[in-house]
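Quick notes on the structure that follows.
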Amino acid sequence: AQKVTQAQTEISVVEKEDVTLDCVYETRDTTYYLFWYKQPPSGELVFLIRRNSFDEQNEISGRYSWNFQKSTSSFNFTITASQVVDSAVYFCALSDLDRGSTLGRLYFGRGTQLTVWP
Amino acid sequence: DGGITQSPKYLFRKEGQNVTLSCEQNLNHDAMYWYRQDPGQGLRLIYYSQIVNDFQKGDIAEGYSVSREKKESFPLTVTSAQKNPTAFYLCASTDDPQGPEAFFGQGTRLTVV
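Chains as they are written, first to last, in my numbering: chain A, 211 to 328; chain B, 90 to 202.
Put into structure tokens, the structure is as follows:
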């Protein structure tokens with residue numbers, strides 16, 4: 211069964227610290243996608259990144275970076291030099307093709323509440 | 090601007106009543122989804138639809154119903170059979186069903202009073 215585990219429920223850091231959010235996933239499929247979303251207090255989920263299972267290259271986007279390791283089934287997210295505006299709930303998600311259809315669906319972890327203090 | 094609009098933002102329901110949450114998108118996406126979010130639980134899939142007039146149950150469909158009569162609209166009805174409906178509901182859509190990079194609405198917070 212598909213499963214996404216975010217073991218860190220809450221993380222607090224002081225501004226300018228680096229912080230890593232952990233994500234471990236389980237799937238029997240060889241083709242799948244991994245995602246990170248940010249949920250600010252307004253409630254809307256904001257897409258951050260999508261990575262397919264065949265691309266283990268790490269990615270950097272500004273202060274954000276992602277480390278995908280199939281060997282450990284992990285897709286960790288690091289924020290460098292954190293800012294107060296980074297405070298939000300962050301969700302890791304996995305998608306694959308729904309059994310018997312061509313429609314993918316997302317499986318979410320429980321989320322990590324990140325609080326960045328000034 | 091293109092996007093997903095959910096309404097209302099806040100909704101109060103008396104026990105035993107059915108209520109309908111609206112979700113409209115102007116992104117021309119085929120696939121649409123409804124998720125429920127409870128504190129500390131992440132998002133759980135209620136229903137999803139790949140095309141008009143077709144939809145499938147997700148993991149927690151009991152007590153909910155949907156329709157997909159138009160491509161841009163995917164309303165969710167929370168029926169009286171849903172025993173614990175108080176939650177935050179999020180609608181999403183995507184144009185890539187095989188690897189959905191879903192776009193989300195701003196959510197509806199439903200409270201049973």
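In this text, a Cβ means the ideal position worked out from N, Cα and C, and glycines have one as well.
Keep in mind it's a predicted model, so treat the numbers as computed, not measured.
Residue-level contact to chain A via CB, residue i, 8 Å cutoff
i, result
"residue 113 of chain B", "no"
"residue 130 of chain B", "yes"
"residue 176 of chain B", "no"
"residue 161 of chain B", "no"
"residue 136 of chain B", "no"
"residue 158 of chain B", "no"
Residue-chain proximity (residue i, chain B), Cβ-Cβ < 8 Å
i, result
"residue 324 of chain A", "no"
"residue 281 of chain A", "no"
"residue 316 of chain A", "yes"
"residue 278 of chain A", "no"
"residue 272 of chain A", "no"
Beta-carbon gap between residue i and residue j smaller than 8 Å
i, j, result
"residue 242 of chain A", "residue 304 of chain A", "yes"
"residue 290 of chain A", "residue 271 of chain A", "no"
"residue 201 of chain B", "residue 175 of chain B", "yes"
"residue 152 of chain B", "residue 167 of chain B", "yes"
"residue 231 of chain A", "residue 287 of chain A", "yes"
"residue 196 of chain B", "residue 254 of chain A", "yes"
"residue 233 of chain A", "residue 284 of chain A", "yes"
"residue 225 of chain A", "residue 294 of chain A", "yes"
"residue 301 of chain A", "residue 194 of chain B", "no"
Beta bridge counterpart(s) of residue i as assigned by DSSP
i, result
"residue 102 of chain B", "B:201"
"residue 233 of chain A", "For residue 233 of chain A, which the question treats as bridged, DSSP gives no partner whatsoever."
"residue 133 of chain B", "B:125"
"residue 243 of chain A", "A:262 and A:305"
"residue 270 of chain A", "A:275"
"residue 223 of chain A", "A:326"
"residue 286 of chain A", "A:277"
"residue 146 of chain B", "B:136"
"residue 256 of chain A", "A:248"
"residue 175 of chain B", "BP columns for residue 175 of chain B are empty, so no partner."
"residue 120 of chain B", "B:183"
"residue 218 of chain A", "Paired residues: none, contrary to the question."
"residue 94 of chain B", "B:113"
"residue 154 of chain B", "B:166"
"residue 108 of chain B", "B:167"
"residue 298 of chain A", "A:324"
"residue 160 of chain B", "The partner list for residue 160 of chain B (beta bridge, DSSP) is empty, contrary to what the question assumes."
Within chain A, the residues that residue i reaches when beta carbons sit closer than 7 Å
i, result
"residue 144 of chain B", "Per Cβ cutoff of 7 Å: no residues; residue 144 of chain B is ~10 Å from chain A at best."
"residue 179 of chain B", "255"
Within chain B, partners of residue i - CB distance below 7 Å
i, result
"residue 238 of chain A", "None at all; the shortest Cβ gap to chain B is about 17 Å."
Proximal residues of chain B, C-beta to C-beta of residue i below 9 Å
i, result
"residue 301 of chain A", "131 and 132"
"residue 361 of chain A", "Limits of chain A in this structure are 211 at one end and 328 at the other, which puts residue 361 of chain A out of reach."
Chain-ordered chain A contacts of residue i [CB-CB under 9 Å]
i, result
"residue 150 of chain B", "Here the premise fails: no neighbours, minimum Cβ distance about 13 Å."
"residue 170 of chain B", "The contacting residues do not exist; residue 170 of chain B stays about 23 Å from chain A at best."
- Task: Mind checking the stretch 92 to 112 of chain B against chain D and listing, in chain order, the residues whose C-beta falls within less than 7 Å of any C-beta there?
- Result: Among the protein chains of the structure shown, namely A and B, there is no chain D.
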